[in-house]
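*Asks:* Questions regarding the structure given below will be posed in turn.
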Amino acid sequence: MSSPTYKNVHNQFKLNGFHLNREDLCRVAYSFIKEGEDFEKPVGDFLLDWFDDKEYIEMQTSGTTGPPKWIQVSKKAMVESALATGDFFDLHPGDKALQCLPVKYVAGKMMLVRAMILGLDLEFVAPSSHPLDHNETEFDFVAMVPLQAQNSLSELKKVKKMIVGGAALNKALEKQLLKLPTKVYETYGMTETITHIAARKIGEKAFTVLPNVTVSYDDRNCLVIHAPRISEEVIVTNDIVELINENQFVFLGRMDNVINSGGIKLFPEQIEAKLSAKLHQRFFIASKPDSELGEKVILVMEGTQQELDNAVFDVLDKYEKPKEMVFVDTFKETASGKILRKETLAQLKTH
């Protein structure tokens with residue numbers, strides 16, 4: 001078989017039960033654009049872009065690490081990413097997959113690409129926070145954001161393998177997912193790496209890279225990604241990691257979020273992981289300038305002001321314990337549900 005290319009569609013690919021080739025998909029795309037529902041129109045746009053003469057797709061970054069921006073992503077690189085995912089998760093032609101993510105963003109686009117390239121039988125539903133409601137199908141492979149996974153716990157027994165990404169997977173949800181027969185992986189990646197370049201099986205600490213990817217770190221201890229089939233340039237991140245080897249790493253936290261309190265470096269993400277089973281509303285850890293410590297740890301909670309039992313913080317080391325609690329009515333977030341910390345904190349300053 002000739003090597004897969006974006007110009008061809010695998011002969012076992014199905015969309016909502018129908019075998020469709022390239023010409024069929026272009027017809028479907030036009031009907032989605034003309035008379036489709038709101039969630040179908042971006043699919044139509046994407047399919048026409050995918051089959052046009054350009055060698056790239058224009059995509060918008062999510063805006064977690066800076067203002068959202070448009071970037072050009074090579075279609076050949078997207079095919080390579082799909083093949084690497086197929087290898088890593090042992091996907092086969094005819095496997096049943098669910099597409100429940102918005103196609104406006106890279107994760108939704110890539111589910112379509114994987115299906116067309118790997119020959120998956122793709123069921124395509126409107127993106128919602130309860131994607132498996134009223135669905136009796138058994139799926140081999142599903143991608144969700146954490147909120148969707150949280151809301152689907154009672155239905156996930158119908159899913160063999162699931163990847164969760166787009167926002168951090170908290171420890172409380174991870175514990176619930178570990179009780180299920182489903183194999184669940186948290187993914188690591190960004191728009192620039194065409195979704196994930198590594199995955200961590202829940203219950204394990206380290207992320208393992210996909211085929212044809214290696215990792216190192218720079219002098220800040222930040223992850224550096226070498227993925228020549230996906231990006232000609234080496235990708236330098238702001239994610240502080242503990243490197244196990246060139247194929248595995250443990251994520252510690254984002255450089256931009258690190259708190260230096262009294263000369264001790266604290267990673268908000270690690271404090272949040274410890275607190276996630278204790279707090280039942282959304283929160284994050286941040287800092288405020290402090291005359292003695294330089295920076296002091298604060299707990300930012302969503303919702304109305306309340307008192308917390310100090311025992312909640314017993315899981316934390318002495319230096320990790322918040323010195324202050326602040327409340328924000330509603331957190332600012334990206335479309336995938338990732339909390340925008342800086343923008344949320346800016347709301348505090350305007351009160």
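So in UniProt numbering, the last one in the sequence shown is 351, and the numbering has no gaps at all.
Glycine included, each C-beta is placed from N, C-alpha and C at the ideal position.
Where do the N-terminal and C-terminal ends of the alpha helix (DSSP H) with residue 75 fall, by residue?
*Replies:* From DSSP, the alpha helix (DSSP H) with residue 75 extends over 75-88.
*Asks:* What are the partner residues of residue 114, as DSSP defines its beta bridges?
*Replies:* The partner list for residue 114 (beta bridge, DSSP) is empty, contrary to what the question assumes.
*Asks:* Hey, how far is the Cα of residue 52 from the Cα of residue 105?
*Replies:* About 19 Å.
*Asks:* Establish whether the CB of residue 334 and some CB of chain B are separated by less than 7 Å.
*Replies:* As a matter of chain content, chain B is missing from the structure shown, which is built from one protein chain.
*Asks:* Is the beta carbon of residue 347 sitting closer than 7 Å to the one on residue 326?
*Replies:* No.
*Asks:* Cα separation between residue 138 and residue 273?
*Replies:* If you take the alpha carbons of residue 138 and residue 273, they lie about 32 Å apart.
*Asks:* I believe residue 259 touches residue 297 by the beta-carbon criterion, under 8 Å. Please report the beta-carbon distance rounded to the nearest angstrom.
*Replies:* Yes, they are in contact, since the Cβ atoms of residue 259 and residue 297 sit about 6 Å apart, within 8 Å.
*Asks:* Name the DSSP bridge partner or partners of residue 239?
*Replies:* 254, per the DSSP bridge assignment.
*Asks:* How many Å lie between residue 330 and residue 303 at the Cα?
*Replies:* So the two alpha carbons sit approximately 7 Å from each other.
*Asks:* Use the C-beta contact count for residue 132: other C-beta atoms within 10 angstroms, 16 or more gives buried, fewer gives exposed.
*Replies:* When all chains shown are included, residue 132 counts as buried.
*Asks:* For the segment 212-223 and the segment 277-289, state whether three or more C-beta atom pairs, one from each stretch, are separated by less than 8 Å.
*Replies:* The answer is no - the segment 277-289 does not touch the segment 212-223, with fewer than three Cβ pairs under 8 Å.
*Asks:* Using a Cβ-Cβ cut-off of 8 Å (strictly less than) and excluding sequence neighbours within five positions of residue 351, which residues of its own chain qualify?
*Replies:* Low per-residue confidence applies at residue 351: pLDDT is 45, beneath 50, and the placement is therefore not dependable enough to give any value.
*Asks:* Does the contact criterion of 3 or more C-beta pairs under 8 Å hold for the segment 96-103 versus the segment 37-53?
*Replies:* Yes: the two stretches touch, three or more of their Cβ pairs being nearer than 8 Å.
*Asks:* Would you please state the rounded distance, in angstroms, between the beta carbons of residue 271 and residue 320? I believe it to be under 8 Å.
*Replies:* The pair is a contact, with the Cβ atoms about 5 Å apart (cut-off 8 Å).
*Asks:* Compute the Euclidean distance between the alpha carbons of residue 268 and residue 96, then round it to the nearest angstrom.
*Replies:* When rounded, the distance between both Cα atoms is 38 Å.
*Asks:* Taking only the alpha-carbon atoms, compute the straight-line gap between residue 293 and residue 261 and give it to the nearest angstrom.
*Replies:* Near 5 Å, if we compare the C-alpha coordinates of residue 261 and residue 293.
*Asks:* Of all the options 156, 141, 140, 257, which has the alpha carbon lying nearest to the alpha carbon of residue 130?
*Replies:* The shortest C-alpha separation from residue 130 is found at 156.
*Asks:* So, do the segment 221-229 and the segment 239-248 have three or more beta carbon pairs nearer to each other than 8 Å?
*Replies:* Output reads yes: the segment 239-248 touches the segment 221-229.
*Asks:* Using only the alpha-carbon positions, how far apart do residue 1 and residue 11 sit?
*Replies:* With a pLDDT of 46 at residue 1, under the threshold of 50, the predicted position of this residue should be treated as unreliable, and no value is reported.
*Asks:* Would you mind reading off the limits of the beta strand (DSSP E) that contains residue 200?
*Replies:* It spans 195-201 - the beta strand (DSSP E) in which residue 200 sits, taken as one unbroken run.
*Asks:* Where does residue 287 sit, in a helix, a strand or coil, going by DSSP?
*Replies:* If DSSP states are grouped into helix, strand and coil, residue 287 belongs with the strands.
*Asks:* Tell me which residue opens and which closes the alpha helix (DSSP H) that residue 26 is part of.
*Replies:* Here the alpha helix (DSSP H) through residue 26 covers 22-35.
*Asks:* Can you give me the start and stop residues for the alpha helix (DSSP H) that residue 166 sits inside?
*Replies:* No alpha helix (DSSP H) holds residue 166; DSSP gives it neither H nor E.
*Asks:* What do you reckon, are the CB atoms on residue 177 and residue 184 nearer than 7 Å?
*Replies:* For residue 177 and residue 184, yes; Cβs fall inside 7 Å.
*Asks:* Candidates 162, 249, 127, 146: which alpha carbon is nearest residue 140's?
*Replies:* Closest option to residue 140, Cα to Cα, is 162.
*Asks:* Is it buried or exposed for residue 93, if we count other Cβ within 10 angstroms and need 16 for buried?
*Replies:* With fewer than 16 Cβ atoms within 10 Å of its Cβ, residue 93 is classed as exposed.
*Asks:* Should residue 322 go down as buried or exposed, given a rule of 16 or more other Cβ atoms within 10 Å for buried?
*Replies:* Residue 322 should be labelled buried.
*Asks:* Leaving out five residues before and five after residue 191 in sequence, what residues of the same chain have Cβ atoms less than 7 Å from its Cβ?
*Replies:* Around residue 191: 59, 61, 62, 71, 106.
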